[in-house]
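First comes the structure, then the notes that go with it.
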Amino acid sequence: MRGLHAYHEKGLVVRRIWRFLRGLNYRKIILRMIFIDLLVSLAGYALYKGATQDEAPHYLTASAEITHIENAVQAEGVLQGQQQVDVGSQVSGQLQSLKVAPGDNVQKGQLLAQIDPLPASNALRQAIVNSERLTADRDAAAHQSHLARLTYQRYEELGADAAVSREDFDKARFDHEEKSATLASLQAQVRTARINIETARINLGYTRILAPMDGKILAIVTQEGQTVIAEQLAPVILKMARLDTMTIKARVSEADVVKIKAGMPVYFTILGDRDKRYNATLRGIEPASTSFASQSSGAGRSDSAVFYNAFFDVPNPDGRLRINMTAQVRVVLEVSEGVLTIPVAALGEQNPDGTYPVRILEEQDQVRTENIRTGINNKVRVQVLSGLKAGDKVVIGGEAPK
0 MRGLHAYHEK
10 GLVVRRIWRF
20 LRGLNYRKII
30 LRMIFIDLLV
40 SLAGYALYKG
50 ATQDEAPHYL
60 TASAEITHIE
70 NAVQAEGVLQ
80 GQQQVDVGSQ
90 VSGQLQSLKV
100 APGDNVQKGQ
110 LLAQIDPLPA
120 SNALRQAIVN
130 SERLTADRDA
140 AAHQSHLARL
150 TYQRYEELGA
160 DAAVSREDFD
170 KARFDHEEKS
180 ATLASLQAQV
190 RTARINIETA
200 RINLGYTRIL
210 APMDGKILAI
220 VTQEGQTVIA
230 EQLAPVILKM
240 ARLDTMTIKA
250 RVSEADVVKI
260 KAGMPVYFTI
270 LGDRDKRYNA
280 TLRGIEPAST
290 SFASQSSGAG
300 RSDSAVFYNA
310 FFDVPNPDGR
320 LRINMTAQVR
330 VVLEVSEGVL
340 TIPVAALGEQ
350 NPDGTYPVRI
360 LEEQDQVRTE
370 NIRTGINNKV
380 RVQVLSGLKA
390 GDKVVIGGEA
400 PK
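Under numbering that gives the first Met the number 0, the first residue of the sequence shown is numbered 0, with each subsequent residue one higher.
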């Protein structure tokens with residue numbers, strides 16, 4: 000019975016499928032099949048074209064252009080005043096008053112500060128008194144020396160006639176010599192006293208701190224009321240500089256310092272105004288590295304990078320440039336205006352004759368190779384002396400066919 004029931008159910012399914020197919024429009028089925036076949040064909044064609052295009056090389060190009068080109072050594076520098084000094088005191092004492100403030104313009108010889116003059120003034124008066132006392136002692140000694148000399152001369156004359164004993168003669172001679180030595184000693188002391196007066200007078204003058212040059216006050220280091228001690232090291236009271244001309248010291252690496260020399264053109268910009276370029280001429284290069292002065296005697300070379308200071312001057316009439324500004328410096332090694340240049344990336348490996356192969360992209364993506372002669376090369380662009388013309392498209396990169 001179960002077998003008959005299953006056979007009956009299968010028959011019902013077959014009859015239902017047959018009735019469904021009889022109800023369909025065979026024309027629509029055929030049209031749909033044709034449409035699907037067309038879509039499949041178009042998709043296959045698109046895939047084929049894409050694969051064909053992938054096989055073509057893709058080139059990255061740049062045009063040969065007439066431009067300005069320069070090769071320069073780059074460095075970072077710091078601005079300083081051409082003349083920059085620390086103004087200190089040569090005498091000890093209390094800083095009684097300051098006569099200037101930062102930013103003030105001063106003239107050479109102008110009073111900047113005053114150290115308490117009383118101790119120095121007293122020292123001068125004491126030196127004068129000592130000199131006067133020694134002068135009086137010297138005059139008295141000169142009188143006694145004169146009398147001793149006269150006595151000795153008289154005894155010497157009498158001694159020839161044996162009218163004076165030998166003892167009295169020797170005593171007169173020794174007294175004369177003693178008085179002469181005392182006079183000589185006092186004369187030397189008087190000269191020393193006069194020197195002491197001059198020294199005391201100079202020290203009194205040192206209590207007036209004067210400007211050593213024309214310039215601008217940069218900073219006050221010692222304030223009014225502080226005591227300065229000048230026995231070992233002259234204490235700094237203020238800093239000043241001439242800012243009408245600035246000196247720039249640029250740190251040049253040891254790899255680049257051999258490329259530059261005094262007289263080369265140089266220019267720089269400052270961080271606050273990168274569009275303005277300041278032009279100058281390299282004045283010189285310090286013979287020792289920047290770290291040389293700080294190395295201890297006999298110490299070996301450190302592992303840190305080595306730099307040398309290259310320095311030059313630039314006028315600063317408007318005071319726009321300031322102390323300790325950072326300068327982006329370029330020392331120009333070579334420069335040309337209005338020359339044909341291309342990117343360095345376009346160059347192939349150098350040929351034995353000094354030329355370089357360059358690939359040029361022509362119409363219909365055809366590539367030909369030309370050997371060119373080059374001039375200035377700044378590692379970004381290179382000057383073309385021969386082998387190309389303006390507008391040529393040179394290959395600087397690309398993919399090989401896949």
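Cβ atoms here follow ideal geometry from the backbone N, Cα and C, with glycine treated the same way.
Computed from a predicted structure; not experimentally measured.
Taken in chain order, the whole beta strand (DSSP E) runs of length 3 or more contained in the region 264 to 312 are 264 to 269 and 272 to 284. Of the residues Thr325, Thr198, Gly283 and Leu111, the one whose Cα lies closest to the Cα of tyrosine 307 is Gly283. Residue ranges of uninterrupted beta strand (DSSP E) with 3 or more members, entirely inside the region 361 to 397 and ordered along the chain, are 366 to 376 and 380 to 385.
Check the Cα spacing between aspartate 136 and each of Thr325, Asn315 and Gln188: the tightest is with Gln188. Excluding sequence positions up to five before and after valine 383, its CB lies within less than 7 Å of the CB of Ala63, Leu339, Thr340, Ile341, Ile371 and Thr373, all in the same chain and listed in chain order.
Put simply, the region 108 to 120 does not touch the region 247 to 258. Fewer than three CB pairs are less than 8 Å apart.
Apart from sequence neighbours up to five positions away, the residues of its chain that approach glycine 347 with a beta-carbon distance below 7 Å are Tyr355, Pro356 and Val357, ordered along the chain. For aspartate 255, the enclosing alpha helix (DSSP H) covers residues 253 to 256. With fewer than 16 other Cβ atoms inside 10 Å of its own Cβ, isoleucine 201 counts as exposed.
Following the DSSP letters along the chain, one finds glutamine 93 inside the beta strand (DSSP E) bounded by residues 92 to 97.
Bridge pairing for glycine 87: Val235 [DSSP]. DSSP, read as helix, strand or coil, puts valine 220 in coil.
Shown here, glycine 204 sits in a helix according to DSSP, grouped into three states.
Beta-bridge partners of serine 335 (DSSP): Ile68. Leucine 281 sits close to phenylalanine 311, with the two beta carbons spaced by under 7 Å.
Between the C-alpha atoms of alanine 287 and isoleucine 219 there is a straight-line separation of about 32 Å.
For a cut-off of 8 Å, the C-beta gap from isoleucine 216 to valine 72 is around 36 Å, too long to register as a contact. Cα atoms of alanine 141 and arginine 132: separation of roughly 14 Å, rounded to the nearest angstrom. The bridge partners DSSP lists for arginine 358 are Thr368. Cβ neighbours of threonine 226 within its own chain (closer than 6 Å, five residues either side excluded): Gln93. Per DSSP, the unbroken beta strand (DSSP E) holding glutamine 113 starts and ends at 110 to 114.
In this structure, the beta-carbon distance from phenylalanine 267 to glutamine 349 does not fall below 7 Å.
Only residues of its own chain outside the window of five on either side were considered, and among them Ser91 have a CB closer than 6 Å to the CB of isoleucine 228, listed in chain order. Contact check for isoleucine 68 against isoleucine 375 passes: the beta carbons are separated by less than 7 Å.
The C-beta distance from valine 394 to threonine 66 rounds to 19 Å, too long to fall under 8 Å, and the pair is not in contact. Setting aside the 5 residues that flank it on each side, serine 130 is surrounded in the same chain by Val189, Ala192, Arg193, Asn195 and Ile196, each with a C-beta closer than 8 Å to its C-beta; the list follows chain order. With distances taken between CA atoms, asparagine 377 lies nearest to Val331 out of Val331, Gln363 and Ser385. Proximity to aspartate 255 across Ala304, Ile236, Ser164 and Ser290 peaks at Ala304, based on C-alpha coordinates. Exclusion of the five residues before and after proline 116 leaves Leu203 and Thr206 as the residues of its chain whose Cβ lies within less than 7 Å of its Cβ.
In this structure, the CA atom of leucine 146 is about 34 Å from the CA atom of arginine 124.
For aspartate 243, the secondary structure class from DSSP, reduced to helix, strand or coil, is strand. The Cβ atoms of tyrosine 151 and alanine 183 lie no closer than 7 Å to each other.
For serine 164, there is no enclosing beta strand (DSSP E), as DSSP marks it with neither H nor E. Between the alpha carbons of serine 144 and phenylalanine 173 lies a distance of about 11 Å. Rounded to the nearest angstrom, the Cβ distance from alanine 233 to serine 88 is 6 Å, consistent with a contact under 8 Å. In this structure, Gly214 is the residue among Ile114, Val379 and Gly214 with its C-alpha nearest to the C-alpha of valine 84.
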